[in-house]
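Chemist:
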Amino acid sequence: MTAIIDYEAGNLASVQRACKEVGLDARLCADPDALRKASRVIFPGVGAAGSAMASLCKHGLDEALHEVIRNGVPVLGICLGMQFFLDHSAEQDTPTLGLIAGTVERFDFANASLKVPHMGWNNLLDCAAHPVLADIQAEDEFYFVHSYYADPEDSAMVLARAEYERTFAAAIGRDNFIGTQFHPEKSGRVGLRLIANFAQWEGSC
Amino acid sequence: MLSQRLIACLDVRDGQLAKSIKFVDTKDIGDPVEKAREYYLDGLDELVFYDITASSDKRNIMLDVVSAVAEQVFIPLSVGGGIRSVSDATDLRLAGAEKINVNSAAVQRPDLIDECAASIGNQNVVLSMDIRRGMPSTELPSGYEIVINGGRTPTQIDALAWALEGEKRGAGELVVNSIDADGTQIGYELVLTAMLSTAVRIPVIASGGAGKPEHLYDVLTAGKADAALVASMVHYGTYKVSELKHYLCERGLKMRQSW
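Quick look at the structure:
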């Protein structure tokens, strides 16, 4: 069973619909014990880091997620879900899951001509060889909506980069978990391809 | 680098696609689900549905339309028209809309913007503004006035002041719709769009007046818009979505080219 973690963090129906489109039967999951039994996990998220993290912890889903990752279950984090892989987010000064060393920072608001959030379609600058990113080209465009970006300490954790005022991590991951800053479920055909790749992924790089 | 966006707006009345000229004289022109799918496959970047259903008992038809479109269109969907509460916004989000456009109801009760932003996130709240050109005055320093109720009711609210207030209250994006240009196909209101886009820090979508591909180019350059919204140009088959995007790319703008 593929679980989409449901922690009151936004519109999960669109993630579920995109899974259905690529033949992946995914269920919303708000119960930590059900999450522990999942064979594949999608960790979405929109909204503010502090309140989303509080909601995740309140339901014990943070512990369950740590456990499934330790157990080698393939996990895909999307947007805020991806940002939660790091240690800390500057958004609402929030401690996060600490699966990848590094922080989440805000785009430079001092630059008056920069519109924040970074909203719309942007291409990747590069794209690592990774099963979940198979057949995705650097010039492919994905749909982004975010005001904060992930900044891992170890650049080997960065699987794809994009640019908005600065170069930032568009996809990060290691071992059996991967996260995208963009929304594959809203990124047309290339986004669906990524989800289809994830549906086939055994969790090794 | 971030691409500029081409957005198509589908006015939906009682579940059918309609297009107005200067906000009156609407006529039905087809099935919104079919059109949405066609544009998605042809490279559209984002879709907006505007519910112009007059009677409230037919409002639920819109939820069905949104849901049917979300099943087969994997780009951002935005819905507006008649949204008065967080509960209206939530219903549409559950049906499959990403973004919610608020308009007249937000002018009448500005807290609606704050409430929606707190509930569904700033980035999902779009403040849609219908604007008419007037003479600059003490009440209207910018010379542009907000009108509501589908263009029928003037408010004496200055468009620039309202855009800034909307941003402050938590709108994540603005739609600048010129009533003067709407349906004329003679081009967007460039002065208005540029004025508002430089005043705010959130993305601005230009709306109203597109008739030729160069109008899109003009509003995405001189008009400083982040996205251009089209309706008639594509609904009647005069231009294809892909054709407009190729044209803009050839003129040197960055648009999403593969899909």
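Line by line, the protein sequences are chains E and A. Note that numbering that gives the first Met the number 0 numbers the first sequence so that position 119 is 118, with each residue one more than the last. Note that numbering that gives the first Met the number 0 numbers the second sequence so that position 213 is 212, with each residue one more than the last. Glycine is no exception: its CB is placed at the ideal position from the N, C-alpha and C atoms. Just so you know, these numbers come straight off a predicted model, no measurement behind them.
1) Quick one: what's got a C-beta closer than 7 Å to A/L189's C-beta in the same chain, skipping five residues either side?
2) Please return the same chain residues whose Cβ sits closer than 6 Å to the Cβ of E/N122, not counting the five positions on each side in sequence.
3) At 4 residues or longer, and completely inside the segment 208-240 of chain A: list those alpha helix (DSSP H) runs for me, N to C.
4) Counting C-beta neighbours from all protein chains within 10 Å, is the total for E/H65 16 or more, i.e. buried, or is it exposed?
5) Quick check: what's the CA-CA separation for A/E249 versus A/R255?
6) Rounded to a whole number of angstroms, what is the C-alpha to C-alpha distance between A/C8 and A/Q122?
7) Anything in chain A within Cβ reach of E/A89, meaning under 8 Å, just list it in chain order.
8) In whole angstroms, give me the CA-to-CA distance for E/V131 and A/F73.
9) Can you round the beta-carbon distance between E/H129 and E/I177 to whole angstroms, since I take them to be within the 8 Å contact cut?
10) Would you call A/D87 buried or exposed, if buried means 16 or more other Cβ atoms sit within 10 Å of its Cβ?
11) I need the straight-line Cα distance from A/H259 to A/S136, nearest angstrom please.
12) Closest to E/A89 by C-alpha separation, out of E/P183, E/S146, E/H58 and E/R165, would be which residue?
13) Shortest alpha-carbon distance to A/D44 belongs to which of E/R39, E/F42, E/F143 and E/L27?
14) Establish whether the CB of A/G120 and some CB of chain E are separated by less than 8 Å.
15) Strictly under 8 Å for the Cβ-Cβ distance: is E/Y142 near chain A by that measure?
16) Which word fits A/K21, buried or exposed, when buried means at least 16 other C-beta atoms lie within 10 angstroms of its C-beta?
17) Please state if the CB of A/L46 and the CB of A/S84 are separated by a distance shorter than 8 Å.
18) Identify the contact partners of A/D63 in chain E, using a Cβ-Cβ distance below 8 Å as the criterion.
19) Mind checking whether E/Y163 and E/E104 have CB atoms under 8 Å apart?
20) E/Q206 lies in the beta strand (DSSP E); which residues open and close that run?
21) What ranges does the alpha helix (DSSP H) occupy inside the segment 85-165 of chain A, keeping only unbroken runs of at least 4 residues that lie completely in it?
22) Assign A/Q3 to one of two classes, buried (16 or more other C-beta atoms within 10 Å of its C-beta) or exposed (fewer than that).
23) Determine the DSSP secondary structure at E/H189, reduced to helix, strand or coil.
24) Pull up the distance between the alpha-carbon of E/K114 and that of A/V64, whole angstroms please.
25) Which residues in chain A sit within 7 Å of E/N10, going by Cβ to Cβ distance?
26) Does A/W258 come out as helix, strand or coil in the three-state DSSP assignment?
27) Are at least three pairs of beta-carbons, each pair with one atom in the segment 31-41 of chain A and one in the segment 9-17 of chain A, less than 8 Å apart?
28) Starting from A/I60, follow the beta strand (DSSP E) in both directions and report where the run begins and ends.
29) List, in chain order, every chain E residue whose beta-carbon is nearer than 7 Å to that of A/R255.
30) Could you tell me which chain E residues have their CB closer than 7 Å to the CB of A/R200, listed as they occur along the chain?
Modeler: This is what the structure holds:
1) D217, V218, A221 and G222
2) E138 and E140
3) Complete alpha helix (DSSP H) runs here, min 4: 212-220 and 231-234.
4) exposed
5) 12 Å
6) About 19 Å.
7) Result: empty, since nearest Cβ-Cβ is about 16 Å, beyond 8 Å.
8) 19 Å
9) 7 Å
10) Buried.
11) Because chain A here runs from 0 to 258, residue 259 of chain A falls outside it and cannot be looked at.
12) E/S146
13) Nearest option by C-alpha distance: E/F143.
14) yes
15) yes
16) Low confidence applies here, because A/K21 scores a pLDDT of 49, under 50, leaving its location unreliable and the question unanswered by this model.
17) no
18) In chain order: nothing, as chain E lies at least about 14 Å away.
19) no
20) No statement about residue 206 of chain E is possible, as the shown extent of chain E runs from 0 to 204 and does not include it.
21) Assignment of alpha helix (DSSP H) within the segment 85-165 of chain A, counting only whole runs of 4 or more residues, yields 85-94, 103-107 and 110-119 in chain order.
22) buried
23) In the sequence under discussion, the amino acid at residue 189 of chain E is Val, which differs from the His named in the question. Helix at E/V189.
24) Distance between the alpha carbons of E/K114 and A/V64 is about 32 Å.
25) R92 and E97
26) Three-state result, A/W258: coil.
27) yes
28) Per DSSP, A/I60 belongs to no beta strand (DSSP E); it is in the alpha helix (DSSP H), N59 to A69.
29) W120 and E140
30) For A/R200, the neighbours in chain E by C-beta distance under 7 Å run, in chain order, K114 and V115.
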